[in-house]
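Remarks on the structure that follows.
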DNA sequence: CAATACTGCTTCATCGATTGAGCATTGATG
DNA sequence: CATCAATGCTCAATCGATGAAGCAGTATTG
């Protein structure tokens, strides 16, 4: 026997946590029998029903719970899977986090998520930390430099998957940003040049031109304009980063008001609606927008023509499939977005 | 020396993770020297600068990272603090999660958050799981039955703190729901009986009457009515739970349209605005609402008169203070909310 | 020059759970 | 009755990191 033999049987072992040694002592058996009973391998290890029952009873009575540090250390598998995510402050990342946890639990994993505030250095440090906790697999969501983290994981023999933003050194699962942006822009441009008599090209607000998603969305945005024979001046692309304030500032700096805006994320949209709300009502009403990503309130705002909702369940299904099949490609899987148009009745409300 | 001596020095130890034994072997020194160097205690343990440098170099070269399972098992402290949270799908819980992580990291802890989908059984299981990971402290956010989790933690000698919803067996940090609801209701009732000629009492939508926050908010709601000499019929309280769909259904079932609604959470508000958007525009415009909790888009919706934003930084400050001082009271600390009124220009927009 | 202090490292037990190997005991078989 | 198998359990090594104790060497002191 090893530790604390001062456990008073029958009373909650206050202070220190109960171990299998405490229980073995109370029951008068060996730690290995206790271990077998409590981790479910006791039938295989030929422990009698009677002893198993006694051990279980004492374990419950003393409020035992395994020390997973010890357990994981001994076994080869940790059952922990990690996720690095930039923020929790919008529906997209919120849904990813929730469904990652749910999917992980369903598959018998213990999920650990770390939020890294879009800070590349923190992303890397968080990944390192998760590796130290022996994660079996790491899902890197929306990372600025996913390849650096891929290298880290490979050298530790840990599976990595990129989500939302692709990398070149691990399989990636992302949305079909080009098609989504194309559809969304078409929706906003649908009535352009008709009844309303609008003819200018749209503005594009938010994101960073050097990130893959933004550049793909710009490509879709431009193609939709080309289809209509519209030319987009360089100055209409305001890829000002992912902060609400930046979008606000960029728009406020414009000399002439835009007629329509393609907003690159709900975060940027916060800045856009803030800016809109500061305009006089009659000017507000002229400005329509659409937004990549979905939010239940934003979708019902008066000037919102449509949103592209990323298919989070499908994204995570693919992630978990990759985890299972441990395919070690560097393929980029693209998932279609769901286009959500404005509800008709609200639309009517605006027109009044 | 203990494990894998087949490590080829100079190459990434593919497959298996590098351990201090591998490094000790490569450098030609002892594991304990390696341990001391890599965890920073080497000066205290009188390791020479020269040896420390060689060890560090090899560690970096081989991509070493500590096995925290082993490390935590050996030490008495884990540095892990856990949080159980119901959802990530709104700004309030999103902000709590983000700031919990940030605050924890600043204080040298490793935060682990688990999302439990408002499922009491999952809340309990998740808490149990976090205990198995040797958390030093557990923050239980918005739990249905926090006391049951408190018992669990006490028997394991682990500190617990309730956040958002109070319990009786651990210190709690919550918002001042009564005062917040009182202020918010007053705001919505401000013009009642004047220009608009409205005289009915408001409706209260969302939450559960048997949860502390909802009942406190109802108390504030009623008091604001009493101040105006308004009587609130029992049928105006629609505490239909925390799902958007429930709020929608409850409102749709009403025979007469309400003139004003106090919405108990942004989740419920989703159902409310959905319901509103389905009404004909001229009826929509008559219905004003306010909402406990804050969301940047919801705050700018045409019919929104105001929101009560819970003070997440202050809430978490108190949580971390409690963790530090390990006070074992069962006190309930209440934090004031910030009332956020509708921006004037948007208001004007609605009136037009 | 002996006693003492200091430097720089290694040895080994330990944290708690897991698991292959092995030891009694009982029952079945030829 | 000897042999073999099955049953029910215990022993002890192990996972990787940690740190108290200890052991050589070198430097300092009286």
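Protein chains in written order, with this note's numbering: chain Z, 52 to 403; chain F, 52 to 403.
Yeah, the Cβ is synthetic: ideal placement off N, Cα and C, and Gly gets one too.
(request) Pick out whichever of F/188, F/302 and F/109 has its Cα sitting closest to the Cα of residue 379 of chain F. (result) F/188
(request) Could you check the C-alpha separation between residue 104 of chain Z and residue 85 of chain Z for me, to the nearest Å? (result) 11 angstroms
(message) residue 169 of chain F and residue 137 of chain F - do their beta-carbons sit closer together than 8 angstroms?
(response) yes
(message) By the DSSP assignment, the alpha helix (DSSP H) with residue 334 of chain F in it spans what residues?
(response) 332 to 335
(request) Name the residue from Z/78, Z/133, Z/83 and Z/181 whose alpha carbon lies nearest to the alpha carbon of residue 101 of chain Z. (result) Z/78
(request) May I ask you to list, following chain order, the residues of the segment 207 to 239 of chain F that have a beta carbon less than 9 angstroms from some beta carbon of chain Z? (result) 207, 208 and 209
(request) Assuming residue 173 of chain Z contacts residue 193 of chain Z (C-beta within less than 8 angstroms), just tell me the rounded distance between them. (result) Wrong, their Cβ atoms sit about 13 angstroms apart, outside the cutoff.
(request) Let me know the secondary structure DSSP gives residue 63 of chain F once reduced to three states. (result) For residue 63 of chain F, the predicted structure reports a pLDDT of 40, less than 50, and the residue's modelled location is therefore unreliable. The matter cannot be settled from this model.
(message) What would DSSP say about residue 165 of chain F, mapped onto helix, strand or coil?
(response) strand
(request) Just the C-alpha distance for residue 61 of chain Z and residue 112 of chain Z, rounded to the nearest angstrom, thanks. (result) Low local confidence applies: a pLDDT of 35 at residue 61 of chain Z is under 50, so the model's placement there is unreliable, with the coordinate-based value given in what follows. Cα to Cα, the separation comes out at about 7 angstroms.
(message) Under 8 angstroms, Cβ to Cβ, is there at least one residue of chain F near residue 143 of chain Z?
(response) no
(request) Tell me where the beta strand (DSSP E) around residue 357 of chain F begins and ends. (result) 355 to 360
(message) Which residue marks the beginning of the beta strand (DSSP E) containing residue 389 of chain F, and which one marks its end?
(response) 389 to 392
(request) Determine which residues share a DSSP beta bridge with residue 384 of chain Z and list them. (result) Z/224
(message) Can you check whether the C-beta of residue 123 of chain F is within less than 8 angstroms of a C-beta belonging to chain Z?
(response) yes
(message) Using the Cβ count rule (16 or more neighbours within 10 Å means buried), how would you classify residue 92 of chain F?
(response) exposed
(message) Any contact between the segment 223 to 238 of chain Z and the segment 251 to 271 of chain Z? By contact I mean 3 or more CB pairs, one from each, below 8 angstroms.
(response) yes
(request) Could you pull out every residue in the same chain whose Cβ sits closer than 6 angstroms to the Cβ of residue 155 of chain F, ignoring the five residues on either side in sequence? (result) 132 and 162
(request) Determine whether the Cβ of residue 165 of chain Z lies closer than 8 angstroms to any Cβ atom of chain F. (result) yes
(message) Would residue 381 of chain F and residue 210 of chain F be called neighbours here (beta carbons separated by less than 8 angstroms)?
(response) no
(request) Please check if any C-beta of chain F sits within less than 8 angstroms of the C-beta of residue 130 of chain Z. (result) no
(request) Would you kindly work out how many angstroms separate the C-alpha atoms of residue 317 of chain F and residue 393 of chain F, rounded to a whole number? (result) 16 angstroms
(message) Output needed in chain order: residues of the segment 179 to 199 of chain Z with a Cβ under 9 angstroms from some Cβ in chain F.
(response) 179, 180, 182, 183, 184 and 185
(message) In the DSSP output, what is residue 340 of chain F paired with across the bridge?
(response) F/312 and F/355
(message) Once DSSP output is grouped into helix, strand and coil, what is the label at residue 143 of chain Z?
(response) helix
(request) Could you name the residues of the segment 105 to 124 of chain F whose beta carbon sits closer than 7 angstroms to any beta carbon of chain Z, in the order they occur along the chain? (result) 114, 116, 117, 118, 119, 120, 121, 123 and 124
(request) Report the rounded CA-to-CA distance for residue 323 of chain Z versus residue 350 of chain F, giving the unit in angstroms. (result) 14 angstroms
(message) I'd like to know whether the C-beta of residue 346 of chain Z is nearer than 8 angstroms to at least one C-beta of chain F.
(response) yes
(request) Specify whether the segment 306 to 313 of chain Z and the segment 333 to 342 of chain Z touch according to this definition: at least 3 beta carbon pairs, one from each stretch, less than 8 angstroms apart. (result) yes
(request) Can you give me the start and stop residues for the beta strand (DSSP E) that residue 191 of chain F sits inside? (result) 188 to 192
(message) Contact criterion: CB-CB distance below 8 angstroms. Does residue 68 of chain Z meet it with respect to chain F?
(response) yes
(request) Kindly give me the distance between the Cβ atoms of residue 235 of chain F and residue 256 of chain F, rounded to whole angstroms, as I take these residues to be in contact under 8 angstroms. (result) Between residue 256 of chain F and residue 235 of chain F the Cβ distance is about 13 angstroms, and since that is not below 8 angstroms, they are no contact.
(request) Kindly list, in the order they appear in chain F, the residues whose Cβ is closer than 9 angstroms to that of residue 324 of chain Z. (result) 347, 348 and 351
(message) When you compare the CB of residue 293 of chain F with every CB in chain Z, is at least one pair closer than 8 angstroms?
(response) no
(request) With residue 271 of chain F as the anchor, note down where its alpha helix (DSSP H) starts and where it stops. (result) 263 to 278
(message) Quick check on residue 209 of chain F: does DSSP put it in helix, strand or coil?
(response) coil
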